[in-house]
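Enquirer: Supplied in structure tokens, the structure appears directly below.
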Amino acid sequence: MVKFEDMTVTFKGMAIDSQALVDGQANADEKAFTAWIGYKLTPALVHIQSDHLNHITLKERFETSLTLMNDGQHCDLTHWKHYLSGWRKLTTLNGGNYKGIDLPFHDPQTQKFPAITKDELKQQIENHCGAEWVALLENYKNVFTEPCAVSLSKIYICINARDEHTGKAVVRNIVINTPMGD
Numbered sequence: 001m002v003k004f005e006d007m008t009v010t011f012k013g014m015a016i017d018s019q020a021l022v023d024g025q026a027n028a029d030e031k032a033f034t035a036w037i038g039y040k041l042t043p044a045l046v047h048i049q050s051d052h053l054n055h056i057t058l059k060e061r062f063e064t065s066l067t068l069m070n071d072g073q074h075c076d077l078t079h080w081k082h083y084l085s086g087w088r089k090l091t092t093l094n095g096g097n098y099k100g101i102d103l104p105f106h107d108p109q110t111q112k113f114p115a116i117t118k119d120e121l122k123q124q125i126e127n128h129c130g131a132e133w134v135a136l137l138e139n140y141k142n143v144f145t146e147p148c149a150v151s152l153s154k155i156y157i158c159i160n161a162r163d164e165h166t167g168k169a170v171v172r173n174i175v176i177n178t179p180m181g182d
């Protein structure tokens, strides 16, 4: 459950520990948390509860990042390059429910990544993971073959609504950081 001042958002089908919410965020219009490892990465159903918001619509997009694997260990390059999908509107159901876009872990949509060179990758691996990881790239072919993998790293949910008392537009954002590795 994610609480904003004017609404509560529940993800049915995704386990969220309220302790996982990032506290102390300066922007009250955005909340971020990390999903639990082993749980479905995208919500099957999103429920919005609000006493005074109407005309609610939800959009979802996702981000992929590169990971380097080494016999169970992995080094995630989450602060480097990414593929960012376009926004997709969630289907409105009844009673404040919205059908989420269900992206399986190995869905082709989640396997997109921008073109990079081997030298760029080596530099990032050395800077972020350490020199010992660079040796894993000896037989590097591309980002989609071992020891590399492209994985879903974030899901963004944008909620647009209107305050029925003031007529003011309301925008709230949720960022779901997803566990990486293959």
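So that you can map any letter, position 83 of the sequence shown is 83 in full-length UniProt numbering, and since no number is skipped, the others follow by simple counting. Ideal placement from N, C-alpha and C gives every residue a C-beta, glycine not left out. Because the structure is a prediction, the values reported are computed rather than measured.
Distance check for I48 and V9, CA to CA, integer angstroms please.
Expert: Taking the straight line joining both Cα atoms gives about 5 Å.
Enquirer: To which residues does DSSP link N177 through a beta bridge?
Expert: Note: N177 sits in a beta bridge opposite T34, K154.
Enquirer: Evaluate V171 with the Cβ neighbour count: other Cβ atoms within 10 Å of its Cβ, from every protein chain shown; 16 or more gives buried, anything less gives exposed.
Expert: Exposed, because fewer than 16 other Cβ atoms sit within 10 Å of the Cβ of V171.
Enquirer: How would you label E60, buried or exposed, when you count the other beta carbons within 10 angstroms and need 16 or more for buried?
Expert: Classification for E60: buried.
Enquirer: Count the other CB atoms, across all protein chains shown, that sit within 10 Å of the CB of A161; report buried if there are 16 or more and exposed otherwise.
Expert: Flag for A161 reads buried.
Enquirer: Out of A32, Q73, L90, E30, state which residue places its alpha-carbon closest to the alpha-carbon of S129.
Expert: Contrary to the premise, residue 129 reads as Cys rather than Ser in this sequence. The candidate whose alpha carbon is nearest that of C129 is Q73.
Enquirer: With DSSP as the reference, identify every bridge partner of V2, one or two as the case may be.
Expert: Answer is V9, bridged to V2.
Enquirer: Within 10 angstroms of the Cβ of G167, are there 16 or more other Cβ atoms? Answer buried if so, exposed if not.
Expert: Answer is exposed; the Cβ neighbour count stays below 16.
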